[in-house]
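Protein sequences, first through last, are from chains P and E. If you read the first sequence in the working numbering, its first letter stands for residue 1, the second for the next number, and so on. If you read the second sequence in the working numbering, its first letter stands for residue 1001, the second for the next number, and so on. In this text, a Cβ means the ideal position worked out from N, Cα and C, and glycines have one as well. Notes to accompany the following structure.
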Amino acid sequence: MNVAQRGRTKAVTSTILKDKFSWYLLPWIIAGSSFAVNLIVSIFAKDVITTGGVASLYIYILTAGIMSVSNTLPFMIGFSVRRSDYFWGTGGAIGLVGAICAAGLTFLSYVESEWIDGWGVGLYFFHLPYYSEGSAPVQFLNYFLVIVFLFYLGFAIACLAKRFGKNGMFLFSIAVLAIGTVLSYVMTERGWWIDFGHWLAGRTMLELAGGTAPLTLLFMAISYALLRRTSV
Amino acid sequence: MSAVVKVTNLTKSYGDTAAVSGVSFELEENKIYGLLGRNGAGKTTIMHMLTAQQFASGGNIEVFGEEPYENESVLRRVCFIKESQKYPQMFTVKDVLDVSALLHPNWDAAYAAELAEAFGLPTKRKVHKLSRGMLSAVGVVVGLASRAPLTIFDEPYLGLDAVARALFYDRLLEDYAEHPRTVILSTHLIDEVSRLLEHVLLIDQGRLLLDQDVERLSGMAYTVVGSAARIDSFVSGKKVLSRDAMGAIASATVMGEASPQERREAAERGLEFSPVSLQQLIVHLTGRQKEEREAVSS
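If you want it as structure tokens, here you go:
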């Protein structure tokens, strides 16, 4: 990639990140409102509360991956940007946002577990059993990998919709549903669910988060292939 | 003179419908081209394919001697301002100009600011809150300030009032004189832009009907006015594009050039000649029946 090309990838990243509210604030507003509700409940509750409310941030990232394509792709292609530059520029944006989110989550996990235990009211929102195991760098990596994975899951779905339209999405949904049903049936029939459950329970968070990396790469490859054939 | 654009046998079909069929043309460096034709003629599709935003079903496209698809060295020299351009939800006018500066190597920020001012663009306002005319003005500012070696305007004036349109034409001519580049203006306000155009490509029903220098075009047809009977005898055997009558007076637009002898004889019979404007010619050419069009293009 030469200087001029880097400039265009950077233009894509900066175009995406110009929406500072959606990328830097909204994830925290969403997780923060869930946290606030749980905090209020905790103040009045007698028991310790451990909640998975932080999942709202991850769900938001998934939707951001979906929305990002329709919001910026037609603009960028219209402004003479290559599809590959769009792809890598988007990667730069989610890399940065993912790192900020992961750093924030790691920090809050530490505050919650080490400095102000359970925020003084017995609320465990950011530091959860299993999910928050490991050192700070390990936690950071876990959060980052899951965030990037969810973003590219959404991104790939949106690229599919952009490339094949409503009918394509409809057929794809049916196919996913059909494959899921068959797979689920086979697993029940063979009694594999129990084995699968045991296998999952035996994995560390790092192993699971690391396990998303090949899937993330797969979604990236699919998105890239779809984008290359997308017209606006 | 090097060809900036070379299109060979370009075709785009959607199922059984051909939006563009077998179009071939070349665009030279530093000229202003008019891409003319009725709505739905295939102009926008051609421009989308030139800029690799849509894919051709057949044929070949070269821009600056290379295929434009995913070609950074081609695309960074191209600025395509289209009527249907979409902008990110939260973008302000300033954001659009900032990103344009990153994408166009020849971008002139001072000139962009001056143009924005001239068009009365509120740079802090969100693009989505702009009126249709203001939205068009954003495109015009980007298109001019990009100074892209190939600048394409697709119906850039929608919603712009006559004053703003005149401003656009003036600024385009001024800046073009200082920074020559290849410009394609796709429009159906032909009379307004005819003074800008050096060369015309006329697209009709997906086909290239005309590829001609404007100077040559004016000699392609003429209108003759006089008494109905004399007009009829004058035009008999000639290719008549249109004939209108008002009482005993008739006018006929005739394809081709009248010889000096014909003009003399006609003048003796009281017939008057007048040149056909570009718009009239285009209207005649694209408003005709199919077989007549084919006769014209052959």
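Within 10 angstroms of the Cβ of residue i, are there 16 or more other Cβ atoms? Answer buried if so, exposed if not.
{"i": "P:Lys18", "result": "buried"}
{"i": "P:Ala93", "result": "buried"}
{"i": "E:Arg1171", "result": "buried"}
{"i": "P:Lys46", "result": "exposed"}
{"i": "E:Ser1298", "result": "Residue placement at E:Ser1298 is flagged as unreliable, the pLDDT there being 48, under the threshold of 50; the coordinate-derived value follows with that caveat. By the 10 Å Cβ count, E:Ser1298 comes out exposed."}
{"i": "E:Glu1072", "result": "buried"}
{"i": "E:Ala1052", "result": "buried"}
{"i": "E:Leu1281", "result": "buried"}
{"i": "E:His1128", "result": "exposed"}
{"i": "P:Trp199", "result": "exposed"}
{"i": "E:Asp1042", "result": "For the record, residue 1042 of chain E in the displayed sequence is Gly; it is not Asp. E:Gly1042 comes out buried."}
{"i": "E:Ser1259", "result": "exposed"}
{"i": "E:Pro1156", "result": "buried"}
{"i": "P:Asp195", "result": "exposed"}
{"i": "E:Val1269", "result": "It should be pointed out that residue 1269 of chain E corresponds to Arg in this sequence rather than to Val. E:Arg1269 comes out exposed."}
{"i": "E:Asn1039", "result": "exposed"}
Would you kindly work out how many angstroms separate the C-alpha atoms of residue i and residue j, rounded to a whole number?
{"i": "E:His1048", "j": "E:Ser1100", "result": "19 angstroms"}
{"i": "E:Asn1336", "j": "E:Tyr1069", "result": "A question about residue 1336 of chain E goes unanswered here, because the residues of chain E that appear run from 1001 up to 1298."}
{"i": "E:Glu1257", "j": "E:Gly1034", "result": "23 angstroms"}
{"i": "E:Ser1194", "j": "E:Leu1278", "result": "7 angstroms"}
{"i": "E:His1104", "j": "P:Thr212", "result": "38 angstroms"}
{"i": "E:Glu1174", "j": "P:Tyr24", "result": "43 angstroms"}
{"i": "P:Gly7", "j": "P:Asp85", "result": "9 angstroms"}
{"i": "P:Trp193", "j": "P:Ser56", "result": "27 angstroms"}
{"i": "P:Pro214", "j": "P:Trp28", "result": "28 angstroms"}
{"i": "E:Gly1022", "j": "E:Gln1054", "result": "16 angstroms"}
{"i": "P:Ser173", "j": "P:Leu73", "result": "23 angstroms"}
{"i": "P:Leu123", "j": "P:Gly197", "result": "28 angstroms"}
{"i": "P:Phe155", "j": "P:Val69", "result": "7 angstroms"}
{"i": "E:Ala1166", "j": "P:Trp88", "result": "41 angstroms"}
{"i": "E:Thr1017", "j": "P:Leu226", "result": "25 angstroms"}
{"i": "P:Tyr60", "j": "P:Ile30", "result": "8 angstroms"}
{"i": "E:Glu1067", "j": "E:Arg1147", "result": "21 angstroms"}
{"i": "E:Ser1131", "j": "E:Gln1089", "result": "15 angstroms"}
{"i": "E:Leu1285", "j": "P:Val148", "result": "57 angstroms"}
{"i": "P:Met169", "j": "P:Ala158", "result": "9 angstroms"}
{"i": "P:Val146", "j": "P:Gly104", "result": "14 angstroms"}
{"i": "P:Asp117", "j": "P:Ile43", "result": "14 angstroms"}
Looking at residue i and the ligand PLP, is the gap between the Cβ and the nearest heavy atom below 8 angstroms?
{"i": "P:Gly180", "result": "As for the ligand PLP, it is missing from this structure, which has no ligand bound."}
Tell me which residue opens and which closes the alpha helix (DSSP H) that residue i is part of.
{"i": "E:Met1134", "result": "Arg1132 to Ser1146"}
{"i": "E:Val1127", "result": "Premise fails: E:Val1127 is in no alpha helix (DSSP H) and is neither H nor E."}
{"i": "E:Ile1282", "result": "Leu1278 to Gly1287"}
{"i": "P:Tyr60", "result": "Ala55 to Gly78"}
{"i": "E:Leu1173", "result": "Ala1162 to Glu1178"}
{"i": "P:Ile94", "result": "Arg83 to Tyr110"}
{"i": "P:Arg224", "result": "The sequence as given places Tyr at residue 224 of chain P; Arg does not occur at that position. Note, P:Tyr224: alpha helix (DSSP H), Met205 to Arg228."}
What are the start and end residues of the beta strand (DSSP E) that includes residue i?
{"i": "P:Ser173", "result": "No beta strand (DSSP E) contains P:Ser173, which is instead part of the alpha helix (DSSP H) from Ala136 to Arg190."}
{"i": "E:Val1004", "result": "Ala1003 to Tyr1014"}
{"i": "E:Glu1028", "result": "Thr1017 to Glu1028"}
{"i": "E:His1199", "result": "His1199 to Asp1204"}
{"i": "E:Pro1275", "result": "Glu1272 to Pro1275"}
{"i": "P:Ile29", "result": "That residue, P:Ile29, is in no beta strand (DSSP E); its alpha helix (DSSP H) goes Leu26 to Phe44."}
{"i": "E:Met1246", "result": "Val1240 to Met1246"}
{"i": "E:Phe1153", "result": "Leu1150 to Asp1154"}
{"i": "E:Glu1062", "result": "Gly1058 to Val1063"}
{"i": "E:Tyr1033", "result": "Ile1032 to Leu1036"}
{"i": "E:Leu1189", "result": "Taken as a continuous stretch (DSSP letters only), E:Leu1189 belongs to no beta strand (DSSP E), as it is neither H nor E."}
Are the beta-carbon atoms of residue i and residue j separated by less than 9 angstroms?
{"i": "E:Thr1151", "j": "E:Arg1125", "result": "no"}
{"i": "E:Thr1187", "j": "E:Phe1234", "result": "no"}
{"i": "E:Ala1145", "j": "E:Leu1115", "result": "yes"}
{"i": "P:Leu160", "j": "P:Gly65", "result": "no"}
{"i": "P:Val54", "j": "P:Leu150", "result": "no"}
{"i": "E:Lys1305", "j": "E:Val1063", "result": "Here chain E covers residues 1001 to 1298 and nothing more, so residue 1305 of chain E does not appear."}
{"i": "E:Leu1097", "j": "E:Ala1118", "result": "no"}
{"i": "E:His1199", "j": "E:Leu1027", "result": "yes"}
{"i": "E:Glu1143", "j": "E:Ile1081", "result": "A small correction: the amino acid at residue 1143 of chain E is Gly; Glu does not occupy that position in the sequence shown. Cβ atoms of E:Gly1143 and E:Ile1081: closer than 9 angstroms."}
{"i": "P:Arg163", "j": "P:Thr216", "result": "no"}
{"i": "P:Ser80", "j": "E:Leu1217", "result": "no"}
{"i": "E:Leu1196", "j": "E:Phe1025", "result": "no"}
Review point. Do the segment 1182–1197 of chain E and the segment 1257–1267 of chain E meet, that is, are 3 or more Cβ pairs less than 8 angstroms apart?
Key: When C-beta atoms of the segment 1182–1197 of chain E are compared with those of the segment 1257–1267 of chain E, fewer than three pairs fall below 8 angstroms, so the two segments do not count as touching.
Practice item. Assess, as a yes-or-no matter, whether the segment 85–105 of chain P is touched by the segment 6–22 of chain P under the definition of 3 or more beta carbon pairs within less than 8 angstroms. Key: The segment 6–22 of chain P vs the segment 85–105 of chain P: in contact.
Check your understanding: Are three or more beta carbon pairs between the segment 123–137 of chain P and the segment 199–218 of chain P nearer than 8 angstroms?
Key -> yes
Review point. Counting pairs of beta carbons, one from the segment 96–112 of chain P and one from the segment 176–189 of chain P, are three or more of them closer than 8 angstroms?
Key: no
Point to revise | Stretch-stretch touch, CB-based, cutoff 8 angstroms, three pairs: the segment 1242–1262 of chain E with the segment 1223–1230 of chain E | key: yes
Review point. Taking contact to mean at least 3 C-beta pairs separated by less than 8 angstroms, is the segment 1082–1089 of chain E in contact with the segment 1125–1139 of chain E?
Key: As far as the Cβ criterion goes, the segment 1082–1089 of chain E touches the segment 1125–1139 of chain E, which means the pair count is three or higher.
Check your understanding: Is there contact between the segment 99–114 of chain P and the segment 174–186 of chain P, where contact requires at least three CB pairs shorter than 8 angstroms?
Key -> no
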